[in-house]
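Input: a single structure, listed below in C-alpha cells.
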Amino acid sequence: MKAEIIVNKNFVIGEIDKRIYGSFIEHMGRAVYGGLYEPTHKTADTNGFRKDVLELVRKLNVPIIRYPGGNFVSGYNWEVGTGDKEKRPKKLELAWKSTETNEVGIDEFQEWAKQAGADIMMAVNLGTRGPQDAQNLLEYCNLNTDTHYANRRKGNGFKEPFGIKTWCLGNEMDGPWQIGHKTAEEYGRIATETAKLMKSTDPDIELVVCGSSNYDMPTFAQWELSVLDHAYDAVDYISLHQYYGNQNDNTSDFLARSVHMDAFIKSVAAICDTVKAKKHAHKTINLSFDEWNVWFHSNGEKFDEWSIAPSILEDVYTFEDALVVGCMLITLQNNCDRVKIACLAQLVNVIAPIMTENGGAAWAQTIFYPFMYASLNGRGTALQTIIKCDSYQSTDHLLTPYIEASVIHNEEKRELTVFAVNRSLAEDIDLSLKLEGFDRAKLEKHIELYSDHLKGINTKENAAVYPKKREIAETITFKKHSWNMLLYKY
Ligand code: AHR
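Each residue of the sequence shown is one higher than the one before, counting from 284 in our numbering.
Following this line, the structure appears as C-alpha cells:
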C-alpha cells in the first residue's frame with residue numbers, strides 16, 4: 284500500500300500545550316502504596332518514595348499530574364493526610380472499597396511531584412464536601428497569609444506555598460457510581476459557587492469543571508450544556524474522560540477508537556461554543572481530557588474488600604494496546620487548538636505505563652513508549668496534515684484511514700517530528716512525505732514500535748515490546764501494525 288502526507292509550514296493547527304502529556308495518580312490500588320511509595324523498598328528515599336519508580340516517571344517527562352482522584356476524591360478529607368504521620372487515621376475508602384492509611388497526602392505528594400519535575404492538577408471533593416472545604420484546601424496549598432489553613436501548612440513544615448495552578452471541581456459527578464453523584468443542575472450550581480470562592484481566594488488559578496464520564500453516558504451533551512449554562516463565566520476548562528478496550532477481540536475496530544475520540548473532542552468543543560454563542564461571551568472554554576487510556580483487561584476482577592493497596596486495575600498492556608495509545612496521542616496532538624490538558628490515566632500500577640512489584644522490580648509496559656516519545660518529541664506547533672491513504676470501515680461504521688499521523692514543528696530546535704501508526708494488519712505502507720516550507724529537512728531518526736505478536740506484553744523478566752531504531756532508507760516504510768516516529772532536522 285502507498286500513502287502520502289503533506290504539510291505546509293504556514294498551515295498550523297495550534298501550539299501544543301505541554302500539559303497534554305500529563306498523567307494521573309489516584310489513591311487507589313497500588314498506585315501510591317506499592318507504586319510511588321514503599322518505605323521498605325531497597326530504593327526508597329528518606330521520604331519513603333521508590334527511586335526506581337521515580338526514574339521511570341522522569342523518563343516520561345510528565346509536566347502535570349492530576350491528584351488525588353478520580354472517584355477517590357469524592358469521599359476524601361484532605362486534612363487527615365497532612366501533619367504528623369503517626370497521628371493520621373486509617374479510613375474506609377468507599378470508592379474502591381479499600382483502607383486508606385493516609386501515610387501519603389498532599390504534603391508528601393507535592394514533594395514527590397517536584398522531584399518528578401511535574402506540576403500538580405489538584406482535584407477537590409464535591410461529592411461529600413463542598414465550596415468551603417475546597418477553599419480551605421486552596422488556602423492551605425497556595426496562600427502565604429497569616430490565616431488558619433496557610434499557617435497550618437507552615438506548621439507542618441512547608442513555609443513556601445505549593446503554588447498549584449490547575450484545579451478540578453470534583454470528578455465524574457454525572458456518574459451514578461460517584462460518591463455524592465449530582466444532577467447537572469445541582470452540580471452546575473455547586474461548581475459555580477465553589478469556583479467563585481476559589482478564584483476570590485487565589486485569582487491566578489485555573490479551574491476545570493466536570494464534563495461527562497464518557498461519551499456513552501445517557502446524559503452526555505445535555506450534561507455539558509446544563510453545567511456550562513451555570514458555570515461558563517466561572518471556569519476555564521471542561522473535562523472529558525474516555526477509556527477504550529478490545530472486548531470483542533477485533534483489532535481493526537480497536538485501532539479505530541481514536542477516530543471515535545476525535546469525534547468526541549469535536550462534539551465537546553462544539554457544545555462549549557454553543558454556550559459561548561448563547562451567552563454572547565468572548566471567552567472560550569477549552570478542553571481538559573483528564574482521563575484517557577486503554578482499560579479492559581482487568582474488568583470483572585475480584586479483590587479483598589477493605590484491604591490496604593489491593594492489586595486492582597492492573598491491566599497488563601499488549602502491543603496492540605500501545606498502538607491504540609499511540610493513535611490516541613496523535614488525536615490529542617491534532618486537537619491541540621482546543622485540548623490544553625490531557626492526563627494518561629494513570630501513571631503507576633493502576634492502568635498504567637509503569638508496573639512495579641512490591642519489594643521488587645519496576646518496569647515499562649508497552650504503552651510507556653508511544654507516550655514517552657510523544658512527550659519528549661511532540662512539543663511545538665502541530666501542523667495541519669493532508670493524509671492520502673486508503674481507509675476501512677469499523678464494524679460500528681467509523682471510516683478509518685490506515686494511517687493516523689501528526690506532524691509537530693519545533694521551531695526552537697529546528698525539528699519536525701512525524702508520529703504515525705499504520706493500522707493495516709496485513710500490509711506495509713510506503714510513505715511519500717511532502718514537507719512544504721522545510722526544503723532543507725533531513726531525516727535523522729526513524730523509531731519504530733513493532734511486534735509480530737499483537738498480544739505481546741512486557742514483564743519484569745522480559746521487555747518483549749520496545750522501540751527500535753530503523754536504518755534510514757530512501758523509501759520510508761511503515762510496517763503493518765506499527766507505531767513510528769520520524770525525526771527531521773532542518
Ligand atoms: O482511573 C480510574 C477511574 O476511572 C477513576 O477513578 C474515575 O474517575 C474513572 O471512572
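Think of the CB as a built atom: it goes at the ideal place given N, C-alpha and C, for glycine as much as any other residue. Values in this document were obtained by computation on a predicted structure and should not be read as measured data.
Can you tell which of the options has its C-alpha closest to the C-alpha of residue i?
{"i": "Gln-667", "options": "Ala-286, Lys-292, Lys-285, Glu-287", "result": "Lys-292"}
{"i": "Ile-670", "options": "Phe-702, Phe-332, Ser-658, Leu-681", "result": "Phe-702"}
{"i": "Ala-625", "options": "Gln-461, Val-295, Phe-307", "result": "Phe-307"}
{"i": "Pro-459", "options": "Asn-497, Met-405, Asp-587", "result": "Asn-497"}
{"i": "Thr-742", "options": "Tyr-771, Glu-597, Glu-731", "result": "Glu-597"}
{"i": "Met-311", "options": "Pro-351, Val-295, Tyr-423", "result": "Pro-351"}
{"i": "Val-599", "options": "Lys-397, Ile-740, Ile-521, Ile-473", "result": "Ile-740"}
{"i": "Leu-523", "options": "Phe-503, Phe-537, Ala-514, Ala-539", "result": "Phe-503"}
{"i": "Ile-261", "options": "Leu-770, Leu-726, Lys-442", "result": "The requested residue 261 does not occur in the structure, where the chain is confined to residues 284 to 773."}
{"i": "Trp-450", "options": "Asp-485, Tyr-685, Ala-433", "result": "Asp-485"}
{"i": "Ile-548", "options": "His-563, Ser-495, Gly-366", "result": "Ser-495"}
{"i": "Gly-642", "options": "Gly-297, Lys-301, Pro-322, Glu-309", "result": "Pro-322"}
{"i": "Leu-426", "options": "Phe-441, Pro-414, Val-387, Arg-412", "result": "Phe-441"}
{"i": "Asp-519", "options": "Ile-303, Leu-375, Val-491, Leu-538", "result": "Val-491"}
{"i": "Arg-435", "options": "Asp-457, Lys-373, Asp-367, Gly-453", "result": "Asp-367"}
{"i": "Gly-413", "options": "Ile-473, Gln-393, Ala-546, Gln-461", "result": "Ile-473"}
{"i": "Glu-376", "options": "Thr-411, Pro-636, Thr-466", "result": "Thr-411"}
Please report the distance separating the alpha-carbon of residue i from that of residue j.
{"i": "Val-608", "j": "His-324", "result": "31 Å"}
{"i": "Phe-243", "j": "Glu-695", "result": "This structure cannot settle anything about residue 243, because the visible part of the chain is limited to 284 through 773."}
{"i": "Cys-672", "j": "Ala-746", "result": "33 Å"}
{"i": "Ala-628", "j": "Val-577", "result": "9 Å"}
{"i": "Ala-314", "j": "Ile-554", "result": "34 Å"}
{"i": "Arg-697", "j": "Tyr-773", "result": "6 Å"}
{"i": "Ala-645", "j": "Trp-589", "result": "25 Å"}
{"i": "Pro-653", "j": "Asn-569", "result": "25 Å"}
{"i": "Thr-382", "j": "Asn-582", "result": "21 Å"}
{"i": "Thr-678", "j": "Trp-766", "result": "23 Å"}
{"i": "Tyr-320", "j": "Ile-634", "result": "17 Å"}
{"i": "Asp-512", "j": "Phe-572", "result": "20 Å"}
{"i": "Glu-489", "j": "Glu-422", "result": "15 Å"}
{"i": "Pro-346", "j": "Val-622", "result": "15 Å"}
{"i": "Gln-525", "j": "Arg-371", "result": "34 Å"}
{"i": "Asn-439", "j": "Thr-365", "result": "8 Å"}
{"i": "His-680", "j": "Lys-397", "result": "45 Å"}
{"i": "Met-404", "j": "Glu-757", "result": "45 Å"}
{"i": "Asn-533", "j": "Lys-373", "result": "44 Å"}
{"i": "Lys-448", "j": "Asp-556", "result": "25 Å"}
{"i": "Glu-335", "j": "Thr-326", "result": "Inspection of the sequence shows that residue 335 is occupied by Asp rather than by Glu. Distance between the alpha carbons of Asp-335 and Thr-326 is about 6 Å."}
{"i": "Ala-657", "j": "Thr-567", "result": "26 Å"}
{"i": "Glu-731", "j": "Ile-712", "result": "13 Å"}
{"i": "Leu-452", "j": "Phe-651", "result": "29 Å"}
{"i": "Asp-620", "j": "Asp-300", "result": "9 Å"}
{"i": "His-736", "j": "Thr-649", "result": "12 Å"}
{"i": "Leu-718", "j": "Ala-514", "result": "43 Å"}
Should residue i and residue j be called a contact, given that it needs their Cβ atoms to be closer than 8 Å?
{"i": "Lys-752", "j": "Lys-728", "result": "yes"}
{"i": "Trp-379", "j": "Asn-360", "result": "no"}
{"i": "Thr-477", "j": "Val-558", "result": "no"}
{"i": "Lys-479", "j": "Ala-417", "result": "no"}
{"i": "Glu-710", "j": "Lys-763", "result": "yes"}
{"i": "Tyr-675", "j": "Ser-535", "result": "yes"}
{"i": "Ile-613", "j": "Val-748", "result": "no"}
{"i": "Ile-400", "j": "Thr-639", "result": "The residue you asked about is not Ile; residue 400 is Gly in the sequence shown. No, Cβ-Cβ distance for Gly-400 and Thr-639 is not below 8 Å."}
{"i": "Asn-660", "j": "Met-500", "result": "no"}
{"i": "Gly-463", "j": "Leu-409", "result": "yes"}
{"i": "Ile-595", "j": "Glu-584", "result": "yes"}
{"i": "Tyr-685", "j": "Ala-286", "result": "yes"}
{"i": "Met-655", "j": "Ser-541", "result": "no"}
{"i": "Leu-606", "j": "Leu-538", "result": "yes"}
{"i": "Ile-288", "j": "Leu-714", "result": "yes"}
{"i": "Gly-305", "j": "Ala-665", "result": "no"}
{"i": "Asn-277", "j": "Ser-357", "result": "No answer is possible for residue 277: the residues shown for the chain start at 284 and end at 773."}
{"i": "Asn-529", "j": "Phe-579", "result": "yes"}
{"i": "Ser-550", "j": "Gln-616", "result": "no"}
{"i": "Phe-445", "j": "Cys-424", "result": "yes"}
{"i": "Asp-457", "j": "Cys-493", "result": "yes"}
Where DSSP assigns a beta bridge to residue i, which residues make up the other side?
{"i": "Ser-357", "result": "DSSP, once it has assigned bridges, lists no residue as partnering Ser-357."}
{"i": "Gln-676", "result": "Leu-682"}
{"i": "Thr-349", "result": "Looking at the sequence provided, one finds Arg at residue 349 rather than Thr. Paired residues: Phe-307, Met-404."}
{"i": "Lys-285", "result": "Asp-713"}
{"i": "Thr-760", "result": "Asp-713"}
{"i": "Lys-728", "result": "Leu-770"}
{"i": "Arg-333", "result": "Ala-327"}
{"i": "Cys-619", "result": "The partner list for Cys-619 (beta bridge, DSSP) is empty, contrary to what the question assumes."}
{"i": "Asn-705", "result": "Ile-686, Ser-765"}
{"i": "Ala-628", "result": "Phe-307"}
{"i": "Cys-451", "result": "Ala-406, Val-491"}
{"i": "Lys-751", "result": "Glu-731"}
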